[in-house]
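Have a look at the structure below before the remarks.
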């Protein structure tokens with residue numbers, strides 16, 4: 307049975323991640339694995355030697371006290387991680403998913419996702435983590451690393467999740483968005499959801515042929531599908547379409563086909579994730 311991996315932390319996005327994972331899993335017939343990753347030093351006592359920091363003649367008792375405080379901090383961090391996972395599990399179960407597991411792991415988050423993704427069909431992560439700078443609207447520091455490391459589609463959850471009845475595909479003719487369309491054709495997740503393909507740039511005969519062929523593929527798979535080509539700057543045109551079109555999900559390639567093709571999270575993709583108020587589903 308396939309699983310959806312949901313990355314859980316203490317941020318305000320945690321409930322949205324749970325809701326998104328539950329929605330995806332119910333539609334795909336998958337289980338949910340809730341994952342919280344502690345840094346290598348977060349969950350274990352620090353073995354550092356403090357003797358050089360407290361001066362000559364310091365008592366052994368002080369060193370022991372420092373070590374004890376460090377051990378207590380590690381235990382509290384572990385307890386907090388387990389509590390976050392248990393709360394998340396309750397939330398997903400209440401959302402209607404019965405097969406839910408939790409994992410508290412230690413190490414690098416990207417490496418951990420790589421280890422666990424073998425039988426996963428999708429990764430769900432919040433747009434920003436608990437340490438993100440919300441005032442500056444920076445994205446979470448681990449988001450790009452997760453997208454860079456995994457071979458699975460990554461659903462980036464917005465602040466609040468609502469089930470999508472209509473989705474927008476940012477179509478650029480590239481390999482990544484081609485994979486997105488192929489996955490949609492084969493997956494149950496998007497069944498019954500109307501699709502609109504939007505290509506940004508000057509319309510030419512080849513670009514019209516390309517987008518029409520993609521739309522035909524989706525129609526033949528049973529999707530209600532429309533398509534359009536609009537001139538302008540990708541970030542602004544897509545953002546305006548999202549704002550006015552009533553979409554519940556933006557689908558796009560993590561790799562671009564144009565000037566951003568050598569980046570994973572760069573330019574258009576970053577701006578869409580940063581500014582969109584709806585979830586963004588990325589395909590490599």
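Numbering (the numbering used here), first residue to last: 307 to 590.
Cβ coordinates follow ideal geometry from the N, Cα and C atoms, glycine included.
{"Asked": "If you compare alpha carbons, which of 412, 416, 342, 550 is closest to residue 390?", "Found": "342"}
{"Asked": "Grouping DSSP H, G and I as helix and E and B as strand, with all else coil, what is residue 535?", "Found": "strand"}
{"Asked": "Looking at the secondary structure, which residues open and close the alpha helix (DSSP H) in which residue 368 lies?", "Found": "366 to 400"}
{"Asked": "For residue 331 and residue 385, I'd like the C-alpha separation in whole angstroms.", "Found": "27 Å"}
{"Asked": "Nearest by alpha-carbon distance to residue 510: which of 531, 453, 478 is it?", "Found": "478"}
{"Asked": "Just to confirm the assignment, what range does the beta strand (DSSP E) spanning residue 583 have?", "Found": "Counting along the chain, residue 583 falls outside any beta strand (DSSP E), and DSSP gives it neither H nor E."}
{"Asked": "Determine which residues share a DSSP beta bridge with residue 426 and list them.", "Found": "309"}
{"Asked": "Return helix, strand or coil for residue 548, following the three-state DSSP convention.", "Found": "helix"}
{"Asked": "Applying the 10 Å Cβ sphere with the 16-neighbour rule, what's the burial state of residue 603?", "Found": "Limits of the chain in this structure are 307 at one end and 590 at the other, which puts residue 603 out of reach."}
{"Asked": "Can residue 536 and residue 506 be called in contact, C-beta distance under 9 Å?", "Found": "yes"}
{"Asked": "Just checking, does the segment 516 to 524 make contact with the segment 544 to 558 on the three C-beta pairs under 8 Å criterion?", "Found": "no"}
{"Asked": "What are the boundary residues of the beta strand (DSSP E) that residue 409 is part of?", "Found": "406 to 412"}
{"Asked": "Around the Cβ of residue 458, are there at least 16 other Cβ atoms within 10 angstroms (buried) or fewer (exposed)?", "Found": "buried"}
{"Asked": "In whole angstroms, what is the alpha-carbon distance linking residue 371 and residue 327?", "Found": "43 Å"}
{"Asked": "Taking 8 Å as the threshold, find out whether the segment 553 to 560 comes into contact with the segment 522 to 529 through three or more Cβ pairs.", "Found": "no"}
{"Asked": "My assumption, with CB atoms under 8 Å, is that residue 375 sits in contact with residue 461. Please give the rounded CB distance.", "Found": "Their Cβ separation, rounded to whole angstroms, is 39 Å, which puts residue 375 and residue 461 out of contact at 8 Å."}
{"Asked": "What separation, rounded to the nearest whole angstrom, lies between the Cα atoms of residue 441 and residue 482?", "Found": "Because residue 441 carries a pLDDT of 41, less than 50, the predicted location of this residue cannot be relied on, and the following value inherits that uncertainty. Their Cα atoms are separated by approximately 32 Å."}
{"Asked": "Evaluate the contact criterion for the segment 393 to 409 versus the segment 312 to 322: three or more CB pairs, one atom per stretch, below 8 Å.", "Found": "yes"}
{"Asked": "Measure the C-alpha to C-alpha separation of residue 591 and residue 323 and round it to an integer number of angstroms.", "Found": "Given that the chain is displayed from residue 307 to residue 590, the structure contains no residue 591 and the question cannot be resolved."}
{"Asked": "Could you name the residues of the same chain whose beta carbon sits closer than 6 Å to that of residue 456, not counting the 5 residues immediately before and after it, in chain order?", "Found": "419, 423, 429"}
{"Asked": "Report the residue from 527, 345, 578 whose alpha carbon sits nearest the alpha carbon of residue 464.", "Found": "578"}
{"Asked": "Report yes if the C-beta distance between residue 582 and residue 545 is below 9 Å; otherwise report no.", "Found": "yes"}
{"Asked": "Strictly by DSSP, which residues pair up with residue 262?", "Found": "Shown here, the chain extends from 307 to 590; a query on residue 262 therefore has no answer."}
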